[in-house]
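Asker: Residue numbers (the numbering used here), protein chains in the order written: chain A, -11 to 103; chain B, 122 to 232.
(1) Taking only beta-carbon atoms, is residue 101 of chain A less than 8 Å away from chain B?
(2) Using the rule of at least 16 other Cβ atoms within 10 Å of the residue's Cβ for burial, across every protein chain shown, is residue 86 of chain A buried or exposed?
(3) Looking only at its own chain, which residues have a Cβ that is under 6 Å from the Cβ of residue 99 of chain A, when we skip the five neighbours before and after it?
(4) For chain B, check one thing: does any of its Cβ atoms lie closer than 8 Å to the Cβ of residue 44 of chain A?
(5) Alpha carbons only, please: which of B:211, B:125, B:215 is nearest the one belonging to residue 159 of chain B?
(6) Please return the same chain residues whose Cβ sits closer than 6 Å to the Cβ of residue 130 of chain B, not counting the five positions on each side in sequence.
(7) In whole angstroms, what separates the C-alpha of residue 8 of chain A from that of residue 143 of chain B?
(8) Counting only Cβ pairs nearer than 7 Å, list the residues of chain A close to residue 162 of chain B.
(9) I'd like to know whether the C-beta atoms of residue 220 of chain B and residue 92 of chain A end up nearer to each other than 8 Å.
(10) Excluding the five sequence neighbours on either side, which residues of its own chain have a C-beta within less than 6 Å of the C-beta of residue 57 of chain A, listed in chain order?
(11) Apart from the five residues on each side of it in sequence, which residues of its chain come closer than 8 Å, Cβ to Cβ, to residue 61 of chain A?
(12) Keeping to the same chain, check which residues put their C-beta closer than 6 Å to that of residue 54 of chain A; ignore five residues upstream and five downstream.
(13) At which residues does the beta strand (DSSP E) containing residue 36 of chain A begin and terminate?
(14) For residue 108 of chain A, collect the residues of the same chain with a Cβ closer than 6 Å to its Cβ; drop the 5 residues on either side in sequence, then sort them by chain order.
(15) Roughly how many whole angstroms lie between the Cα atoms of residue 84 of chain A and residue 165 of chain B?
(16) What residue does the beta strand (DSSP E) around residue 145 of chain B start on, and which one ends it?
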């Protein structure tokens, strides 16, 4: 089946620094990837839709200048949390549709802790 | 009314019980229905996928979709402690678009 790899799985950073999270589709091409955020005991909240070769589409309330998304190839999307603050601490999860299978596969998630 | 409603639980059952998890939705355009299992501190893992109405069975898991009632279900037979997790329903109208998720139901299977 389709595999989505996400890295790093856990990151701790100081307030004010930037953190990059990578999302790769390992055995399929993904023209579209999605980034979600999940706070403890809550469901997944869609942050943005990442489109290969074009700008990401952000959900209402998500700061595009703070959460930079780059989808430079058909197998890689990155999320950069700029000038991170403690309130950005969360579980970030990417996903990608496997074309033809119509199945959305998730990465294992990246837990960000901002001190 | 939210697009997708799911009882967050928690739901606690003895080992071997049949578990029934449900979601209701309001958007009649939804055609793709999925159930994900999420263990603590892990990403969601696809369990079942159904297109349009009907039933689908995979081992101990059965997914049902009733589009006329806008109601989907996931049944787990012979539940095991390893089934203890949060179960999320998700759906979309068109492929390659973001899924709309339920809040998830926390399930505990007690040995």
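All C-beta atoms, glycine included, are put in the ideal place defined by N, C-alpha and C. Here the structure is a predicted model, which means the values were calculated and not measured.
Answerer: Working from what's here:
(1) Mapped onto the first chain, residue 101 of chain A falls at position 113. With 8 Å as the cut-off, residue 101 of chain A does not count as an interface residue toward chain B.
(2) Along the first chain, one-based indexing puts residue 86 of chain A at 98. Its Cβ being crowded by 16 or more others within 10 Å, residue 86 of chain A is buried.
(3) In the first chain, counting from the first residue as 1, residue 99 of chain A sits at position 111. Once the five neighbours on either side are set aside, the close Cβ partners of residue 99 of chain A are -2, 79.
(4) Within the first chain, residue 44 of chain A is the residue found at index 56, counting from 1. Not closer than 8 Å to any Cβ of chain B, the Cβ of residue 44 of chain A fails to qualify, so no.
(5) By 1-based counting over the second chain, the position of residue 159 of chain B is 38. The shortest Cα separation from residue 159 of chain B among B:211, B:125, B:215 belongs to B:211.
(6) By one-based count along the second chain, residue 130 of chain B stands at place 9. Cβ neighbours of residue 130 of chain B beyond the five flanking positions: 226, 227.
(7) Position 20 of the first chain, counted from the start, is the residue given in the question as residue 8 of chain A. Position 22 of the second chain, counted from the start, is the residue given in the question as residue 143 of chain B. Those two C-alpha atoms are separated by around 36 Å.
(8) Position 41 of the second chain, counting from 1, holds the residue named residue 162 of chain B. Here the neighbours are 99.
(9) Here residue 220 of chain B is taken as the residue at index 99 of the second chain, counted from 1. Here residue 92 of chain A is taken as the residue at index 104 of the first chain, counted from 1. Contact: yes.
(10) By 1-based counting over the first chain, the position of residue 57 of chain A is 69. So the qualifying residues of the chain are 36, 38, 44, 67.
(11) Sequence index remark: in the first chain, residue 61 of chain A carries index 73 (1-based). Taken in chain order, the residues that qualify are 40.
(12) Walking along the first chain from the start, residue 54 of chain A turns up at place 66. Only 70 meet the Cβ criterion.
(13) Sequence index remark: in the first chain, residue 36 of chain A carries index 48 (1-based). Unbroken beta strand (DSSP E) run through residue 36 of chain A: 33 to 39.
(14) Here chain A comprises residues numbered -11 to 103, so residue 108 of chain A is not present and cannot be evaluated.
(15) The residue labelled residue 84 of chain A in the question sits at position 96 within the first chain. The residue labelled residue 165 of chain B in the question sits at position 44 within the second chain. Using only the alpha carbons, I get a separation of about 12 Å.
(16) Position 24 of the second chain, counting from 1, holds the residue named residue 145 of chain B. Looking at the DSSP string, the run of the beta strand (DSSP E) that includes residue 145 of chain B is 140 to 146.
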